[in-house]
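Using the working numbering, read the sequence shown as starting at 11 and increasing by one per residue. Cβ atoms here follow ideal geometry from the backbone N, Cα and C, with glycine treated the same way. These numbers were taken from a predicted model, which means no experiment stands behind them. Down below is the structure, laid out as structure tokens.
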Amino acid sequence: METVYLAIPLAPLFGAIIAGLFGKQIGRNLSHWVTTGSVALAFLLSLFVFKHITLDGGAVYNGAVYTWAVVDNVKMEIGFLIDNLTILMMLVVTFVSLMVHIYTIGYMHDDPGYQRFFSYISLFTFAMLMLVMSNNFLQLFFGWEAVGLVSYLLIGFWYEKDTAVYANMKAFIVNRIGDLGFLLGIAIILIYTSSLDYTVAFEKFEVHKMNLPGIFPLTVGPLTALDGVDALDLALVLLFIGAMGKSAQVPLHVWLPDSMEGPTPISALIHAATMVTAGIFMVARMSPLYELSDIALNVILTVGATTAFFMGLVGIVQNDIKRVIAYSTLSQLGYMTVALGASAYSAAVFHLMTHAFFKALLFLAAGSVIIAMHHEQDMRKMGGLRRYMPITYWTALIGSLALIGFPGFSGFFSKDLIIEAVHKSELVMADYAYVMVVLGVFVTAFYTFRMFFMVFHGDERMDDHTLAHLRESPKVVTTPLILLAIPSVLAGFLIDPVALGDFFNQVLLPVKEGFREVTTIMVDGSKHAAIPELRESYHGIPGFILHGFLSPAVWLAAAGAALAWYTYMKNDEVADWFYDHFGWLHKVLSEKYYLDAFNQKVLANGALYLGNSLWALGDKLLIDGLFVGGTVKVVKRGAALISRLQTGYLYHYAFSMVLGVTLMVAWILFVYSS
Numbered sequence: 011m012e013t014v015y016l017a018i019p020l021a022p023l024f025g026a027i028i029a030g031l032f033g034k035q036i037g038r039n040l041s042h043w044v045t046t047g048s049v050a051l052a053f054l055l056s057l058f059v060f061k062h063i064t065l066d067g068g069a070v071y072n073g074a075v076y077t078w079a080v081v082d083n084v085k086m087e088i089g090f091l092i093d094n095l096t097i098l099m100m101l102v103v104t105f106v107s108l109m110v111h112i113y114t115i116g117y118m119h120d121d122p123g124y125q126r127f128f129s130y131i132s133l134f135t136f137a138m139l140m141l142v143m144s145n146n147f148l149q150l151f152f153g154w155e156a157v158g159l160v161s162y163l164l165i166g167f168w169y170e171k172d173t174a175v176y177a178n179m180k181a182f183i184v185n186r187i188g189d190l191g192f193l194l195g196i197a198i199i200l201i202y203t204s205s206l207d208y209t210v211a212f213e214k215f216e217v218h219k220m221n222l223p224g225i226f227p228l229t230v231g232p233l234t235a236l237d238g239v240d241a242l243d244l245a246l247v248l249l250f251i252g253a254m255g256k257s258a259q260v261p262l263h264v265w266l267p268d269s270m271e272g273p274t275p276i277s278a279l280i281h282a283a284t285m286v287t288a289g290i291f292m293v294a295r296m297s298p299l300y301e302l303s304d305i306a307l308n309v310i311l312t313v314g315a316t317t318a319f320f321m322g323l324v325g326i327v328q329n330d331i332k333r334v335i336a337y338s339t340l341s342q343l344g345y346m347t348v349a350l351g352a353s354a355y356s357a358a359v360f361h362l363m364t365h366a367f368f369k370a371l372l373f374l375a376a377g378s379v380i381i382a383m384h385h386e387q388d389m390r391k392m393g394g395l396r397r398y399m400p401i402t403y404w405t406a407l408i409g410s411l412a413l414i415g416f417p418g419f420s421g422f423f424s425k426d427l428i429i430e431a432v433h434k435s436e437l438v439m440a441d442y443a444y445v446m447v448v449l450g451v452f453v454t455a456f457y458t459f460r461m462f463f464m465v466f467h468g469d470e471r472m473d474d475h476t477l478a479h480l481r482e483s484p485k486v487v488t489t490p491l492i493l494l495a496i497p498s499v500l501a502g503f504l505i506d507p508v509a510l511g512d513f514f515n516q517v518l519l520p521v522k523e524g525f526r527e528v529t530t531i532m533v534d535g536s537k538h539a540a541i542p543e544l545r546e547s548y549h550g551i552p553g554f555i556l557h558g559f560l561s562p563a564v565w566l567a568a569a570g571a572a573l574a575w576y577t578y579m580k581n582d583e584v585a586d587w588f589y590d591h592f593g594w595l596h597k598v599l600s601e602k603y604y605l606d607a608f609n610q611k612v613l614a615n616g617a618l619y620l621g622n623s624l625w626a627l628g629d630k631l632l633i634d635g636l637f638v639g640g641t642v643k644v645v646k647r648g649a650a651l652i653s654r655l656q657t658g659y660l661y662h663y664a665f666s667m668v669l670g671v672t673l674m675v676a677w678i679l680f681v682y683s684s
């Protein structure tokens, strides 16, 4: 089995190397066969691991594959932790990546960078697998940075476009801000536990919180000198700052909408199913630590709720089809983050999984529309596509219903579970979060069906040339849509939403003998009473759906969809009236709360001003002017002064010699006489 575990991430790496280094030699067809085949192999092996561990009850694997270095008894290793949480992420990553690979064959067919693109997406799959399969913070950080690097390459894939270069640089810099916090959090954990291993960190901090320091004493670190600062609270908040960057949470969300400058398959791969969920996965993996810190959980709850509602509002005023879906991604990531803050870790991961399916479906459906519209992305120039693109229409409808949480679709089960968990949470910020996520349901339904009606219904607003060539996308594009639509409908029925917590709580690792027999790697916090209370009143899937109809979320979603239908299908004067009376609000939302303007004018320009000032003061005035230039001037003036002594007349030199000898004799006589 160790060979199988190792082969899963190495297969896409092999495909990336072949297509990247030898793509021109082997040609376009062989390049996509090698990369797609390698990802398909990783997916099949992940299914085999799922059968071995989850279905057949095989042992959880937690071990080192390679020891890179040992410094002061701290092991720096490549290692895997293969449990149910890891397996779920492996299946999601490899399946969505496989669908994207197949879709890309049709979407990027005429692009000159065809082989390079396949190399990048296979390399991204490798990096993401290394992240989710890691059993230590060092490998986690490697995967964390690797997905950031490859996303930079993918967002700026069309590097001839200035907007693409700006977008990938923006994504790279914003993620580095979050990664600084992430790295500092890892450093604090290393200082206090003297280990990079997950299990050791869980054990030592938990025992320390239980006031049993004699069993696993923590290494004394510099933070012990700071009164009122708990090392674990600080470390967890810093780790979450890293998650805010990767999972695009306010205020580090600004990179994700601009990343739509990359090809559409990238939107599905990076910004729906994999990279942006890395932060959610990390907090879920660290759940035994987060359960020890109410401060960190309240921060997570507040940030997630703010993102879920306010980013959804921005989606209402977007006209680019991909940007609407991008802001829905921000909002749904906020829901996942809220679930983490409410200690409903299984609900967060469940929504991560269902969101991966229906959001990848929506992005790929948008790509199908863009292909048919000859790369037009403005929804105001679309309309009536239902008659020309039936497969894209029905799959997009499935994705939209799953996104708004329509009863019976996958998004309903995961989103309703999150809302109920937040409602039952006892944290300080739980009431604020509950209001935000409930209102967010209405907003999500409105902007989703605004997009759906503008694209597929109503009058045809495209030009005659585009209208004459409208047709359904080829099978290589529509097949992934159909395959993603299936789990978007059935995931909630195939996976018991409430019992999912048991699925993760069966993930056990041995702990030191004499303390406890086992410890859970991922828990739904009993201290904060989220999922455990739901289990008591749970009566199966039909009961869960019936309960959904009794909650405000379903009716708010219906109201949002109905308002979108009335506004954009029956009476478009409603939108005009709102714009006339609330133009200021439309302006605020269109400018994305002026966060981009603030970042550019205050932070970016401020950094440039500071850099230029330091250059003028340090380089130009002090170094060039005083030190380098001043030294040159002193030497030149000194040389000019001394050169006046060299007259070229012999009697001047003779006089100088006599004067010198006289002074020497006088000095000697003075010394001896005294």
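Report all residues from its chain with a CB closer than 7 Å to the CB of residue i; omit the five preceding and five following residues, and keep chain order.
i           : result
residue 255 : 184, 185, 187, 188, 189, 262
residue 334 : 325, 328, 457, 461
residue 230 : A caution first: residue 230 carries a pLDDT of 47, below 50, which makes its placement in the model too unreliable to give a value.
residue 383 : 392, 472, 476
residue 677 : none
residue 44  : 25, 28, 29
residue 503 : 551
Taking DSSP as the reference, what is the three-state secondary structure of residue i?
i           : result
residue 419 : coil
residue 576 : helix
residue 224 : Confidence at residue 224 is low in this model, with a pLDDT of 45, below 50, so the placement of that residue should be treated as unreliable; the coordinate-derived value is given next. Coil at residue 224, not helix or strand.
residue 77  : strand
residue 214 : helix
residue 505 : coil
residue 147 : helix
residue 85  : strand
residue 121 : coil
residue 469 : coil
residue 330 : strand
residue 582 : coil
residue 207 : strand
residue 432 : helix
residue 336 : helix
residue 67  : coil
residue 261 : coil
residue 526 : With a pLDDT of 38 at residue 526, under the threshold of 50, the modelled position of this residue cannot be trusted; read the value that follows with caution. Three-state DSSP puts residue 526 in coil, outside helix and strand.
residue 358 : helix
Shortest alpha-carbon distance to residue i belongs to which of the options?
i           : options            : result
residue 276 : 11, 108, 209, 24   : 108
residue 499 : 559, 410, 248      : 410
residue 12  : 644, 41, 26, 88    : 88
residue 322 : 139, 178, 338, 307 : 338
residue 156 : 144, 171, 450, 140 : 140
residue 505 : 551, 484, 577, 474 : 551
residue 133 : 164, 112, 121, 248 : 164
residue 273 : 571, 118, 561      : 118
residue 480 : 402, 174, 620      : 402
residue 287 : 399, 209, 358      : 358
residue 216 : 196, 242, 194, 193 : 242
residue 437 : 463, 312, 578, 285 : 312
With 16 other CB atoms within 10 Å as the buried threshold, where does residue i fall?
i           : result
residue 586 : exposed
residue 430 : buried
residue 611 : exposed
residue 634 : exposed
residue 520 : The predicted position of residue 520 is uncertain, since its pLDDT is 34 and thus under 50; no value can be drawn from it.
residue 295 : buried
residue 154 : buried
residue 281 : buried
For residue i, write down the residues that DSSP places opposite it in a beta bridge.
i           : result
residue 386 : Looking at the DSSP assignment, residue 386 forms no beta bridge with any residue, so it has no partner.
residue 609 : Note: residue 609 sits in no beta bridge, so no partner.
residue 72  : 91
residue 172 : BP columns for residue 172 are empty, so no partner.
Skipping 5 residues on each side, what residues in its chain have a beta carbon closer than 8 Å to that of residue i?
i           : result
residue 341 : 317, 318, 319, 321, 322, 325, 450, 453, 454
residue 405 : 371, 375, 488, 491, 492, 494, 495
Using a Cβ-Cβ cut-off of 6 Å (strictly less than) and excluding sequence neighbours within five positions of residue i, which residues of its own chain qualify?
i           : result
residue 278 : 110, 370, 373, 374
residue 501 : 364, 420
Closer than 8 Å, CB to CB, is residue i near chain B or not?
i           : result
residue 556 : The chain labelled as chain B is not found in the depicted structure, where only one protein chain is given.
Following a CB-centred definition, is residue i positioned closer than 7 Å to any heavy atom of the ligand ADP?
i          : result
residue 67 : In terms of ligand content, the structure shown is empty, and the ligand ADP therefore cannot be addressed.
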